[in-house]
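**Student:** Under the working numbering, the first residue of the sequence shown is numbered 19, with each subsequent residue one higher.
Just so it is clear, CB atoms sit at the ideal spot from N, CA and C, and this is done for glycine as well.
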Amino acid sequence: MTTYDCDVLVVGGGIVGLSTAYALTRAAPGTRVVVLEKESGPARHQTGRNSGVIHSGIYYRPGSLKARFAVRGAAEMVAFCAEYGLPCEVTGKLIVATARAELPRLHALVQRGRANGIPVRELGRAQMAEYEPAVSGLGAIHVGTTGVCDFGAVAGQLARLAEDAGASVRYGAEVRTVGRRASAVAVRTSLGEVLRARALVNCAGLHSDRVARLAGDAPGMRIVPFRGEYFELAPGRAELVRGLVYPVPDPAFPFLGVHLTRGIDGTVHVGPNAVPALAREGYGWGVVRPGELAGTAAFPGTWRIARRHWRYGAGEVRRSLSKGSFTEAVRRLLPEVRAEDLIPAPSGVRAQAVLRDGTLVDDFLFAESPRMVHVLNAPSPAATASLPIGREVARRVLAGLA
19 MTTYDCDVLV
29 VGGGIVGLST
39 AYALTRAAPG
49 TRVVVLEKES
59 GPARHQTGRN
69 SGVIHSGIYY
79 RPGSLKARFA
89 VRGAAEMVAF
99 CAEYGLPCEV
109 TGKLIVATAR
119 AELPRLHALV
129 QRGRANGIPV
139 RELGRAQMAE
149 YEPAVSGLGA
159 IHVGTTGVCD
169 FGAVAGQLAR
179 LAEDAGASVR
189 YGAEVRTVGR
199 RASAVAVRTS
209 LGEVLRARAL
219 VNCAGLHSDR
229 VARLAGDAPG
239 MRIVPFRGEY
249 FELAPGRAEL
259 VRGLVYPVPD
269 PAFPFLGVHL
279 TRGIDGTVHV
289 GPNAVPALAR
299 EGYGWGVVRP
309 GELAGTAAFP
319 GTWRIARRHW
329 RYGAGEVRRS
339 LSKGSFTEAV
349 RRLLPEVRAE
359 DLIPAPSGVR
369 AQAVLRDGTL
379 VDDFLFAESP
389 RMVHVLNAPS
399 PAATASLPIG
409 REVARRVLAG
419 LA
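1. According to DSSP, is LEU139 helix, strand or coil?
2. Grouping DSSP H, G and I as helix and E and B as strand, with all else coil, what is ILE5?
3. In angstroms, rounded to a whole number, what distance separates the CA positions of ARG231 and PRO237?
4. Would the beta-carbon of GLY32 fall within 8 Å of that of GLY223?
5. What is the rounded straight-line gap between the Cα of GLU55 and the Cα of LEU213?
6. Quick check: the Cα distance between ARG423 and PRO290, rounded to an integer number of angstroms?
7. Would you call PRO47 buried or exposed, if buried means 16 or more other Cβ atoms sit within 10 Å of its Cβ?
8. Under a Cβ-count criterion, where at least 16 other Cβ atoms within 10 Å of its own Cβ denotes burial, should THR38 be classed as buried or exposed?
9. Is the separation between the beta-carbon of MET95 and that of ASN220 shorter than 8 Å?
10. For the beta strand (DSSP E) that contains PRO362, what are its first and last residues?
11. Would the region 245-263 and the region 353-364 be scored as touching if the rule is three or more Cβ pairs under 8 Å?
12. Is it right to say GLU101 is buried, meaning 16 or more other beta carbons lie within 10 angstroms of its own, or is it exposed?
13. If distances are taken between C-alpha atoms only, which option among PHE344, GLY284, ARG245, GLY131 comes closest to LYS84?
14. Given a cut-off of 8 Å on the beta-carbon distance, is the pair GLN64 and GLY366 in contact?
15. Which full runs of the beta strand (DSSP E) of 3+ residues lie inside the region 116-198, going along the chain?
16. Look at the alpha carbon of PHE382 and the alpha carbon of SER154, and state the distance between them as a whole number of angstroms.
17. Would you list, in sequence order, the uninterrupted alpha helix (DSSP H) runs of no fewer than 4 residues that lie entirely inside the region 225-256?
18. Just curious, the alpha helix (DSSP H) that HIS327 is in, first and last residue?
19. Where ILE72 and PRO399 are concerned, what is the direct C-alpha to C-alpha distance, given to the nearest angstrom?
20. On the three-pair Cβ rule with 8 Å, is the region 105-119 touching the region 275-295?
21. Which of helix, strand or coil does DSSP assign to VAL306?
22. Pull up the DSSP beta-bridge partners for CYS24, would you.
23. Just the Cα atoms here: how many angstroms apart are ARG350 and VAL306?
24. Classify ILE33 as helix, strand or coil using the three-state DSSP reduction.
25. Assign CYS106 to one of three DSSP states: helix, strand, or coil.
26. Any idea what DSSP makes of ILE76, helix, strand or coil?
27. Return the first residue and the last residue of the beta strand (DSSP E) that PRO406 is part of.
28. Can you grab the Cα-Cα spacing for the pair ARG50 / ALA412, in whole Å?
29. Exposed or buried, GLU386, counting other C-beta atoms within 10 Å across all chains shown (16 or more means buried)?
30. Name the residue from THR116, ASP23, SER69, GLU211 whose alpha carbon lies nearest to the alpha carbon of VAL266.
31. With ASN395 as the anchor, note down where its beta strand (DSSP E) starts and where it stops.
32. Have a look at the DSSP bridge pairing and note the partners of GLU386.
33. Which one of HIS225, GLY66, ARG118 has the shortest CA to CA distance from ALA173?
34. How would you write the range of the beta strand (DSSP E) that VAL205 sits in, first residue to last?
35. Rounded to the nearest angstrom, how far is the Cβ of LEU394 from that of ASP227, given a contact under 8 Å?
36. Name the two residues that bound the continuous beta strand (DSSP E) containing LEU262.
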């Protein structure tokens, strides 16, 4: 008879993994849950290195997981922060067209937002100025349900709630090997311990495909890391931005473009761009991990992305290497900004799932196999949608144990 150390092992202590642990303890009290996180604390990567925006769900295809979970998750995130006294503010945001060619896409966003049940308001130039006097554009839409919070603080609260309900969150415990039998899953961690469970949930973010392969599953995709580089407006210039200001996104890419975000602490973040990272945790050009880089380079999808989108990529790299080019991109929205107004800020890395044919996976992606649930693609708006994502993953793993 197999002896289990717990019922469910959750790999990854970011906001999605911790939300899953929290949801498991709520949906099935008494379920023994262990979260394994390789860092010394929660939310050290994607969760703790984004701009803190609670997305409304306006960008996402109606009926998609992103649309459904973001709309629901935004409301739940605001309520969660209020319940536990976490910093949060519903500021609303402007999505601004700066060229005539963007106006049809702006109108399409209005239709998409309404299809997703999101209240949006179309604005002319004079109305734009009421919200953001320093922002320039031909037209805009106002989305009132967008806000900002501290997702790192949310992750920490989810960890505390899960532990209060009996879960164990273990830091400094990187998963090194995964074994699976008909009746159990076993992992060996960097601490040398072996843990046996009835099921495993893979919420490893930047390493989700690697963990899936460790478990003996073929994920059918690869995480290709893209670094997002940020600046902050100098303190004396932060008054140029009152809330959140976004450009009209290019529908060919899952990136939202350089935008302006007044965070919960009053700091105005500017960015990010999207450049290839030379390591999964490559937060600067100087961070190179040859093995990871070789794996990315050997994946056919990487080269197919490069051939298909090299012009876009070249522009992003140029803005990464040239502060002047980055400033020009910002000036499309904020004409008064100067290069000296921009102060370098910490970067983030987006875990983007890519298929072998070079397709950028556009929606959240889950995969299941015996005793396993893998979260293979959970980029933005995953932090916003983390509470419903956690419930969905918990539902899947508990159904597998029934």
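**Tutor:** Once the coordinates are examined:
1. According to the sequence provided, residue 139 is Arg. The question's Leu does not apply to it. Note: ARG139 maps to strand in three-state DSSP.
2. With the chain covering 19 to 420 only, the question about residue 5 has no answer from this structure.
3. 7 Å
4. yes
5. 14 Å
6. Residue numbering for the chain in the displayed model covers 19 to 420; residue 423 lies beyond these limits and cannot be assessed.
7. When all chains shown are included, PRO47 counts as exposed.
8. Counting the other CB atoms within 10 Å of its CB gives THR38 a total of 16 or more, which places it among the buried residues.
9. no
10. 360-372
11. yes
12. exposed
13. Answer by Cα proximity: GLY131.
14. yes
15. 138-141, 157-161, 165-167, 186-189, 193-198
16. 33 Å
17. 226-232
18. 318-339
19. 8 Å
20. yes
21. coil
22. ALA215
23. 33 Å
24. helix
25. In the structure shown, CYS106 sits in a strand (DSSP, three-state: E or B).
26. ILE76 falls in the coil class under three-state DSSP.
27. Unbroken run through PRO406 is the alpha helix (DSSP H), 404-419; no beta strand (DSSP E).
28. Those two C-alpha atoms are separated by around 13 Å.
29. Counting other Cβ atoms within 10 Å of its Cβ, GLU386 stays below 16 and is therefore classed as exposed.
30. THR116
31. 390-395
32. In the DSSP output, where bridge partners are listed per residue, GLU386 has VAL391.
33. GLY66
34. 203-207
35. Contact between LEU394 and ASP227 is confirmed by a C-beta separation of about 7 Å, below the 8 Å threshold.
36. 262-265
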